[in-house]
Every structure is written in structure tokens, then in C-alpha cells.
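Visitor: Before I ask anything, let me first share the structure, which is written out below as C-alpha cells.
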Amino acid sequence: SVIQALNKKQHALLESPTGTGKTLCLLCSTLAWQQQHKGKLKQQLHNPSQQMMTQQSQQTVLSQMTQSIENGQGASAAATNPQTNKVPTIIYASRTHSQLSQVVRELRNTRYR
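Quick look at the structure:
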């Protein structure tokens, strides 16, 4: 599912027929996930024990990157830190301006304005 792919920082291949609301469904689920992630980050800022866990996670990632480099694998595989202090950016792209305009019109009818 979309949320599972976002949580695992993986790609997802989804298929659905034309006119079934794929774009709006994907954007709304992604935006909801982003808002939830933002809420978790705010909680971490107010909870010192969570900040400590984040620092420990950063040390773990640094160790993994060092180990990957030493093994000749490069740092990119270990560089994705599951505990980040930034809200993930969502980028939507389309082939045409009319498709973008349609998506904007549809999103205006949701809570994600």
C-alpha cells in the first residue's frame, strides 16, 4: 500500500483503471501521512527521551555508513535515516498543465488545501 511504502521509504507500483480516482487517492493518503509524520516530529521535540533516541539512531546510521564504505559498498545504501528532523516534501508532477489544474481543482474539495 501507499502508506507502507512511505513508512519503509520504498517505491510502490500501483495499478487501477482510468477514472477511478488514483491521483486524488494517492495525494490524499500521502498528504495524510505527511501530516502524521509532522505531528510525530513535534512530539519528539517536546519529549527529551525521543530526542535521545533520535541521536542514538543518527549514531547507528553513521556507523552503518562507515561500515558500508569500509566494505566498498558506498554510503548511499545506509544513508537513509529513518529518524529525520524534517517533514518530508511531497512533489507532484504531471505531463500537462491541464492535468495539474485538474488535480488542484480536486484537492480544493478536500481538507488538504
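Using this note's numbering, read the sequence shown as starting at 21 and increasing by one per residue. Cβ coordinates follow ideal geometry from the N, Cα and C atoms, glycine included. Quick caveat, the model's predicted, so the values are computed rather than measured.
Which stretch, first to last residue, makes up the alpha helix (DSSP H) that contains residue 124?
Guide: 117 to 127 is the span of the alpha helix (DSSP H), which, as asked, contains residue 124.
Visitor: Quick one: grab the DSSP three-state call for residue 39.
Guide: In this structure, residue 39 counts as coil in the three-state DSSP scheme.
Visitor: Identify, in the order they occur along the chain, each residue of the same chain with its Cβ nearer than 6 angstroms to the Cβ of residue 114, setting aside the five sequence neighbours on each side.
Guide: If we look at residue 114 and ignore the five residues flanking it on each side, its Cβ neighbours are 120.
Visitor: Quick one, are the C-beta atoms of residue 130 and residue 44 less than 9 angstroms apart?
Guide: Yes; because the gap between Cβ atoms is below 9 angstroms, this pair is in contact.
Visitor: Could you give the C-beta distance for residue 110 and residue 61, rounded to a whole number, given that I count them as a contact under 8 angstroms?
Guide: At roughly 15 angstroms, the Cβ-Cβ gap does not stay under 8 angstroms, so residue 110 and residue 61 are not in contact.
Visitor: Can you name, in chain order, every residue of its own chain whose Cβ lies under 6 angstroms from the Cβ of residue 36, other than the five neighbours on each side?
Guide: The residues are 42.
Visitor: Since residue 25 is in the alpha helix (DSSP H), which residue starts that stretch and which ends it?
Guide: Unbroken alpha helix (DSSP H) run through residue 25: 22 to 28.
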